[in-house]
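The block underneath contains the structure these notes are about, expressed in structure tokens.
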Amino acid sequence: MEFPAARDPVSALRDVFGEALLHVKEFRGETTIVVDAERTAEVLDFLRVTSGLVYNMLSDVSAVDYFPNDYGDAFDGEESDFRPERFGVSYHILSMLYNRRLRVKAFAAAEDPRLPTATVVWPAANWLEREIADMMGIVFEGHADQRRLLMPEDWYGHPHRRDYPLGKETVAFSFNVDEIHQHKPFARD
Amino acid sequence: MAVAEQTQSIEEQRSWEGSLDQLRGLVSERAITGETMLLNMGPHHPSTHGVLRLLLELDGEQIVSCLPDIGFLHTGIEKSLEDKSYEKALPLTDRMDYLSPMSNNMAYAAAVEKLLDLDVPERGQIIRVVCLELARCASHLVWLGTHAIDMGAMSVLLYAFRERERILGMFEMLSGQRMMSSYIRPGGVWRDVPDDFLPTIKQFLDDFPYKVDDYEALLTKNPIWKDRAQGVGVIEPDVALAYGMTGPALRGSGVNWDLRKAQPYCGYETYDFNVPLGEHGDVYDRYLIRIHEFRESMKILNQAVSRLETVKGPYRSQNHKYCPPLRSELGQSMEAVIHHFKLWTYGYDAPDEEIYSAIESPRGEIGCYIHGTGGNKPRRVHFKTPSFIHISALPVVAKGYLLADMVAIIGSVDIVLGDCDR
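Chains as they are written, first to last, in my numbering: chain A, 1 to 189; chain B, 190 to 611.
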């Protein structure tokens, strides 16, 4: 069977989305494309359906927190790193046909982080995004199920944030829950 | 006053009555009116293979919808990894998918190697392949036993665990631990194989194919087994892809995708083996695939063991900035002492970059995402685990089947809750 030749995802995206493509980076043979947060779902859908790209599978969605000072104006790392906001969400997509991977990354602000959901493109994003919403506190707009996934429903805070304390936690009971949360101003919603 | 109000609200929240309002939109309207029945399955149900809770909406015995509830085994492994240096984080990865710890070690080690651009010597690669394929057999043996016992075939479990015990014995030989081995490490493996390992594994490779024949004699043509398994839990290939399923669950639907072939690691491209594929995507096909994978693993193991006899040399990278020197060198070389001290106290720095690397575990693709800080601890480690993805797809797979089939479906996609919740 004949398939259309593989296209370069970066140039294909640049043709269609232009300014929404914020940054491109190569590291250890992996391509990272940073896109405008509001158009993430559009970009992912384009990458999935366009012939010559056909990224037909969502491998993983992972989020990273650049707190306290590795993002925005305070960031003094490598020139090539592009970190405008506090939270980065990476969609790792895979093209089985052309046997290659791509990382599409979007940034969300420290205050009220929001991104459009990718569940409209891949149902696989459902739980992966719910996990991030639960553990990182990033709201995925348009997601059909916004309940917590791993942590208990009545949990305060988002454990995978970098300002959430690691260990030395008092066990929360109903009689001491307020006292505990007075010590955790950052972790609160 | 405020305290009284709060107490009241807590009591309201914890009330046993419960309201169905929070389920609105997640189950059908018929469940809200009471026309269909909401039934809680788990978290202690034996066939949920751990602590999975399913909220099932039933019309008679038919499943209308299914809401998996996870997190009972959430141990915060990803968060704990943020406070450990790269090498010291390794034992935690054992504890995710506790049926194939070697695969987790490999996923993590491969990711760290990619982040550091670290080499692995050839002998190390071969030992890794031996471990990974043994782990695949051990994991499939647990799956076979428990899947069969779920479906009413009681004796298979005892046979399967008998052989698994021999594999765990070999892991103990290699690493000193039966299950939480931490044997595969960034740069290679912890130590070379001991002298008595090769005769043991050869004996095992001679026996095991006949044991697989025995399992097949008990199940493959068994009319009860076929009745329970054929045409049940059918996963269409496009559904499997859309929901991101991998491993035997995807190959059972006929999609030819195995990372060992497609994106080889550990030198899998140099081994001769086949990837078994299913046709119908039902429980029976997934069963057949795993049975065939036993035989393919035997093929790989035979090749790897014969290479192990000829290929000598280091089993771990000689880059002592990242891998410790031999213990015997410590008495003679000052530099070795310095490396040793530095590695076991501080560890090593990794670049402030992100990478994603994936391997084919017995259950499917285990992906490891690492974002370094430039220091000796990662900023974020995230594991994409096959069980997590497969449980999220359970509602689509189970829809329309009978409650009794749910047990078969859970068994056939082979989930491990430690893998799912991390």
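Beta carbons: idealized from backbone N, C-alpha and C, even for Gly.
To the nearest angstrom, how far is it from the Cα of residue i to the Cα of residue j?
| i | j | result |
| --- | --- | --- |
| G18/A | V121/A | 21 Å |
| D461/B | P152/A | 47 Å |
| G358/B | R367/B | 6 Å |
| A337/B | S328/B | 14 Å |
| Y537/B | R380/B | 20 Å |
| A133/A | L591/B | 33 Å |
| L21/A | V35/A | 5 Å |
| R28/A | E518/B | 33 Å |
| A539/B | E276/B | 11 Å |
| Q182/A | C320/B | 49 Å |
| C326/B | T222/B | 48 Å |
| R374/B | L241/B | 31 Å |
| P465/B | H481/B | 6 Å |
| D189/A | E542/B | In this prediction, D189/A has a pLDDT of 48, which is less than 50 and means its spatial position is unreliable; what the coordinates show is noted afterwards. C-alpha separation (whole angstroms): 28 Å. |
| S486/B | R479/B | 10 Å |
| R568/B | D70/A | 11 Å |
| G520/B | Y511/B | 20 Å |
| T225/B | R417/B | 25 Å |
| P514/B | Q507/B | 8 Å |
| S344/B | E311/B | 41 Å |
| K25/A | D395/B | 50 Å |
Quick check on the burial criterion: 16 or more other C-beta atoms within 10 angstroms. Buried or exposed for residue i?
| i | result |
| --- | --- |
| N294/B | buried |
| L304/B | buried |
| T562/B | buried |
| E554/B | buried |
| A5/A | exposed |
| P437/B | buried |
| G612/B | Lying before the first or after the last residue shown, residue 612/B is absent from chain B, which here runs from 190 to 611. |
| K573/B | buried |
| V16/A | exposed |
| V602/B | buried |
| P68/A | exposed |
| P398/B | exposed |
| G154/B | Examination of residue 154/B is not possible in this model, given that chain B is present from 190 through 611 alone. |
| V49/A | exposed |
| M595/B | buried |
| M190/B | Note on M190/B: pLDDT 45, under 50, position unreliable in the model; no value is reported. |
| W533/B | exposed |
| H233/B | exposed |
| I527/B | exposed |
| D447/B | buried |
Residue i versus chain B: which residues are under 9 Å apart at the beta carbon?
| i | result |
| --- | --- |
| W155/A | Chain B residues near W155/A: none, gap ~10 Å exceeds 9 Å. |
| N254/A | Missing from the structure shown is residue 254/A; chain A here goes from 1 to 189 and no further. |
| V64/A | E543, Y558, H560, R568, R569, H571 |
Using a C-beta to C-beta distance shorter than 8 Å, which residues of chain B count as neighbours of residue i?
| i | result |
| --- | --- |
| N69/A | Neighbours of N69/A on chain B: none; closest Cβ ~11 Å, over 8 Å. |
| V159/A | Residue identity differs from the one stated: residue 159/A is Pro in this sequence, not Val. Those are G265, K268, listed as they occur along chain B. |
Could you tell me which chain A residues have their CB closer than 8 Å to the CB of residue i, listed as they occur along the chain?
| i | result |
| --- | --- |
| I548/B | In chain order: nothing, as chain A lies at least about 12 Å away. |
| F386/B | Those within 8 Å of F386/B in chain A number zero; the least Cβ separation is about 34 Å. |
| G556/B | S59, D60, H92 |
| A431/B | W122, P123, A124 |
Please confirm whether residue i has its beta-carbon closer than 7 Å to some beta-carbon of chain B.
| i | result |
| --- | --- |
| H92/A | yes |
| L22/A | no |
| L150/A | yes |
| M96/A | yes |
| F87/A | no |
| N176/A | no |
| L166/A | yes |
Contact criterion: CB-CB distance below 7 Å. Does residue i meet it with respect to chain A?
| i | result |
| --- | --- |
| R569/B | yes |
| K303/B | yes |
| G260/B | yes |
| D272/B | yes |
| W533/B | no |
| W446/B | yes |
Residues of chain B with CB closer than 7 Å to the CB of residue i, please, in chain order.
| i | result |
| --- | --- |
| R28/A | K303, D306, I544 |
| D145/A | L215 |
| R7/A | Within chain B, no residue comes near R7/A; the closest Cβ sits about 20 Å away, beyond 7 Å. |
| R103/A | Y545 |
Give the interface partners of residue i over in chain A, defined as CB-CB distance under 7 Å, in chain order.
| i | result |
| --- | --- |
| S581/B | N126, W127 |
| D610/B | L150 |
| I578/B | A124 |
Between the stretch 408-423 of chain B and the stretch 374-388 of chain B, do at least 3 Cβ pairs fall closer than 8 Å?
By the Cβ criterion, the stretch 408-423 of chain B is not in contact with the stretch 374-388 of chain B, since fewer than three pairs of Cβ atoms, one from each stretch, lie closer than 8 Å.
For the stretch 107-126 of chain A against the stretch 55-72 of chain A, are there 3 or more C-beta pairs whose distance is under 8 Å?
Counting Cβ pairs under 8 Å, three or more are found: they touch.
Taking contact to mean 3 or more Cβ pairs, one atom from each stretch, closer than 8 Å, check whether the stretch 252-260 of chain B and the stretch 270-290 of chain B are in contact.
With the rule of 3 Cβ pairs closer than 8 Å, the stretch 252-260 of chain B does not count as touching the stretch 270-290 of chain B.
Three CB pairs or more closer than 8 Å across the stretch 49-59 of chain A and the stretch 425-441 of chain B:
Taking 8 Å as the limit for Cβ pairs, the verdict is that the stretch 425-441 of chain B does touch the stretch 49-59 of chain A.
Using a Cβ distance threshold of 8 Å, determine whether the stretch 261-269 of chain B contacts the stretch 341-354 of chain B, with at least three qualifying pairs required.
Not touching, per the Cβ criterion.
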